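Asker: One structure, pasted below without further comment.
Numbering (the working numbering), first residue to last: 350 to 571.
In structure tokens:
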């Protein structure tokens, strides 16, 4: 069952969990209590969409982030509709939900920033000159971009997320043996691409450091 949207808002929220709609089976045309619940949610959505979006816009750096917060907040309201208080209290309840969604979003951003800082620290360790690091950044990005999507995911999970093959296997839903085989092949392909880029003069003398950065974990896992 799909939660109701608002015409003209450009946003459609869906409930893909049958239980959150109050049904164990698929119901194409809700009737009775289910229809009443949907109608009541439409009223809530009409009244609260703009205030919640405004709340998010004032607390995020982009309209895309704000839209994500509003969407998640109103989807939670659909799933927990029985907990939404009536009248003006509904907006306060939604503000509380939006506040928690924003906090989760902020924690995710902090994790991304920490990962970026960790990667920059690795680069500083292998390339001393800032100008060389800038070129090296571009070289790594260029080489990764030329890898196939599956190989790129393997390499970045291994290097950036510092995951072992068994952990990568859990993420990707394959066996550790498959990961080891594919990762070895992907690292070999990455090495070839970096050498190819170096041959075009794109990578400075610190190119060996790229190999150390991107291939060190292969040695650790042998």
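Think of the CB as a built atom: it goes at the ideal place given N, C-alpha and C, for glycine as much as any other residue.
Since we're looking at a predicted model, the values are computed, not measured.
1. Closer than 8 Å by C-beta to residue 500: which residues in its own chain qualify, once you throw out the five before and the five after it? Chain order, please.
2. Closest to residue 399 by C-alpha separation, out of 463, 458, 418, would be which residue?
3. Taking 8 Å as the limit between beta carbons, can you name the residues of its chain near residue 439, skipping five residues before and five after?
4. Can you tell me which of 543, 449, 451, 513 puts its alpha carbon nearest to the alpha carbon of residue 494?
5. Quick one: grab the DSSP three-state call for residue 508.
6. From residue 445 to residue 505, what does the alpha carbon distance come to, in whole angstroms?
7. Taking 7 Å as the limit between beta carbons, can you name the residues of its chain near residue 554, skipping five residues before and five after?
8. Report the option in 529, 463, 413 whose CA atom is closest to the CA atom of residue 512.
9. In its own chain, which residues sit with a C-beta less than 6 Å from the C-beta of residue 435, not counting the 5 before and 5 after it?
10. If we call anything under 7 Å between Cβ atoms a contact, is residue 404 one with residue 452?
11. Considering Cα atoms alone, identify which of 421, 515, 385 is closest to residue 402.
12. Quick one, which of 443, 489, 382 has its alpha-carbon nearest residue 426's?
13. Do you know how far the Cα of residue 381 is from the Cα of residue 389?
14. Tell me the rounded alpha-carbon separation between residue 491 and residue 407.
15. Helix, strand or coil, according to DSSP, for residue 408 in the structure here?
Answerer: Walking through what the data contain:
1. 531, 534, 535, 538, 539
2. 418
3. 393, 396, 397, 433
4. 543
5. helix
6. 36 Å
7. Because residue 554 sits at a pLDDT of 35, beneath the cut-off of 50, its placement in the model cannot be relied upon, and the following sentence gives the value as read from the coordinates. Closer than 7 Å at Cβ, skipping near neighbours: no residue.
8. 529
9. none
10. no
11. 421
12. 443
13. 12 Å
14. 36 Å
15. coil
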